[in-house]
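Down below is the structure, laid out as structure tokens.
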Amino acid sequence: MTNLQDKKIDKIKSFNKEDWSSAYQNVEKELTKEPLTISKGKNIKNLNGTLLRNGPGILERGGQWVHHPFDGDGMITSIKFENGQPFLTNRFVKTKGYLDLNNALDLKFKNIANTHVVKLGDEILALWEAAGPHAMDPDSLDTIGLTTLKGVLKPNEAFSAHPKTDLNSNASSELLVTFGVQTGPKSTIRLMEFNNAGENPGELIFDRKDTFNGFAFLHDFAITTNWAIFLQNAIDFNPLPFVMGQRGAAQCLKSNPNKKAKFFIIPRESGLFRGQTPLTIDAPEGFVFHHVNAFEKESKIVLDSIFYDDFPSVGPDENFRDIDFDKYPEGKLKRSTIDLKKKTSELETISEQCCEFAVVNPKNLGLTATFSWMASTSQKLGNAPLQAIKKIDLISKEEIYWSAGPSGFVSEPIMVPSENSSKEDEGFLFILLWNGERRGSDLVILDAKDLKELAVYELPISIPHGLHGSWVN
Ligand SMILES: [Fe+2]
């Protein structure tokens, strides 16, 4: 592993595909409060809190592989720091589909709970966007079961896997803002805001529903103090193989060049424009899974997102463990400026380099942010696995890197701000890494400011390339 501030990133040796694909395997065991031993660096003094991660933990049963890694059963990894010493607990989410082994690969209505994990009130929620959340005990990680969140959700109502923690609203010191989408020829977005601090954490305090024309594939969204922003990609959904249980939802999507992408901009009930009608504004071309952050600037909304030229679909005959990266479009960090008065949007590319899983300091979510951290390729141009962590100054466009290459592969960095500093880039980055050299997982902690490697722990379990996670105090 190398710190790359002074080196050219495109000189890094390219990856070995077997090092990358070796991460795709089943997690073999569940551990409880296993102390982690440091292999490089030092424990972070006075560090307390828990890193939670979700991702597919079972990808193959009886020699039969899932079609796409996003179809693997969810497994939660919790790494709890007690005065700097980490302890690992991991548990599969005991969904109905997980327990019903005979139908393991039948994706029909299977809630795989594998996308994200957050704390709401006194429960941990394992999330999957097309159905309800699974509640888990925060200490033991035992699965409590599918939850309606005290009656907020109808049984199995869709609940997004991308809630936002808003520390900047007028309504509460901490809100969890999220949505569910019911789609068809028309799509209804339910926007929910839960109080997540004070006397009644977990209580739903704002709730609205808005209906838009057309099928909507909405994986993520962004918030500002007054708005919730959705990007409806120009895409069609073929429900048949999904309903038949042959394919996961992501394999039934196809881009439609005759359609136009749209922004749906919904006034937040906790904001100044509560009760007003949403805006629909033409969006730039391209496909987006994830947004980074948004902020308001006079009568405009500025939104940073990871744009692909087209939907990166893995075809039914392709093996996801042996894909040709050159055949797929890469994600690029781009900035949309949406003019709410003129009802127009403009797109600017911030960086041409392939990246995903970009974040800002959680204290800046919904407000302007100078810095963003993300997983990126080691090479400057083209598609490849994510092997580096990049910090970018969104104003000057200056970038620095830390690389896990040539045999390490990174995931979403979780940014935890320093408790006793108000500087935006002071804090830690937590990264679960696939170490291709030893065919195992490492936890790496970097200094968010200069990306210096502070600590590396070799984990006693091997975790496939994962999805999202959060930090819980
Ligand atoms: Fe996601």
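Taking our numbering, the leading residue of the sequence shown gets 87, the next gets one more, and so forth. Glycine included, C-beta positions come from ideal geometry on N, C-alpha and C. The model shown is predicted, which means the values in this text are computed figures rather than measured ones.
Beta-bridge pairing of residue i - partner residues as DSSP gives them
i: K476; result: M460, Y487
i: L433; result: S422
i: A199; result: Bridge partners of A199: none, in fact.
i: L529; result: L518, Y543
i: N281; result: L261
i: S108; result: DSSP output for S108 lists no bridge partner at all.
i: P364; result: Its beta-bridge partners do not exist; DSSP assigns none.
i: P353; result: W313
i: E442; result: A461
i: F292; result: E279
i: V152; result: Partner(s): none; V152 has no beta bridge.
i: D390; result: N379, R421
i: N176; result: T163
i: S341; result: I321
i: T251; result: L262
i: F298; result: S273
Rounded separation between residue i and residue j - CA only
i: E485; j: R177; result: 37 Å
i: Q91; j: T269; result: For Q91, the pLDDT reaches just 46, beneath the cut-off of 50, and the residue's location in the model is therefore unreliable, although a value from the coordinates is still provided. Distance between the alpha carbons of Q91 and T269: 46 Å.
i: K535; j: I230; result: 39 Å
i: I549; j: S504; result: 28 Å
i: Q473; j: T363; result: 43 Å
i: L145; j: P415; result: 24 Å
i: V238; j: I291; result: 11 Å
i: K476; j: W488; result: 7 Å
i: G452; j: G148; result: 46 Å
i: K196; j: A247; result: 15 Å
i: D395; j: P492; result: 27 Å
i: F495; j: F101; result: 9 Å
i: Y543; j: T163; result: 14 Å
i: A244; j: S497; result: 26 Å
i: A216; j: S464; result: 33 Å
i: I478; j: F375; result: 20 Å
i: T456; j: E512; result: 12 Å
i: V502; j: P448; result: 8 Å
i: I321; j: K345; result: 7 Å
i: L277; j: D293; result: 6 Å
i: D105; j: D408; result: 11 Å
i: S259; j: D410; result: 46 Å
i: K236; j: K128; result: 43 Å
i: T118; j: D252; result: 31 Å
i: R490; j: G183; result: Reading the sequence as shown, one finds Ala at residue 490 and not Arg. Going by the C-alpha atoms only, they are around 35 Å apart.
i: M460; j: I517; result: 10 Å
i: T123; j: S527; result: 13 Å
i: C338; j: T423; result: 30 Å
i: P241; j: E510; result: 41 Å
i: F397; j: N132; result: 44 Å
Close beta carbons around residue i, own chain, < 7 Å, minus the five adjacent residues each side
i: K420; result: S391, F393, L433, E434, T435, I436
i: E560; result: As shown, the chain starts at 87 and ends at 559. That puts residue 560 outside it, with no answer to give.
i: P249; result: V204, L262, V263, T264
i: S356; result: S255, N256, A257, L261, E279, F292
Residue i burial status per 10 Å Cβ neighbour count (16 or more: buried)
i: L174; result: buried
i: G468; result: exposed
i: P142; result: buried
i: Q150; result: exposed
i: I481; result: exposed
i: D225; result: exposed
i: N281; result: buried
i: T310; result: buried
i: L553; result: buried
i: E384; result: exposed
i: P471; result: buried
i: L138; result: buried
i: P219; result: buried
i: S125; result: exposed
i: P121; result: exposed
Own chain residues within Cβ distance below 6 Å of residue i, not counting five before or after
i: G160; result: N140, V179, I198, A199, N200, A212
i: F316; result: L304, F307, F350
i: T274; result: Q268, K295, T297
i: L358; result: N312
i: K93; result: Model confidence at K93 stands at a pLDDT of 45, short of 50, so the residue's coordinates are unreliable; what they give is reported in the following sentence. Excluding positions up to five away in sequence, the list is empty.
i: V378; result: D390, A444, S458
i: N256; result: none
i: G207; result: P287, G288
i: N559; result: G135
8 Å Cβ shell around residue i - same chain, five flanking residues per side excluded
i: S108; result: W520, G522, R525
i: I130; result: F167, G170, F514, I531, L540, A541
i: V113; result: G143, I144, M161, N176, F178, I547, S548, I549, P550
i: S507; result: G513
i: G361; result: P353, E355
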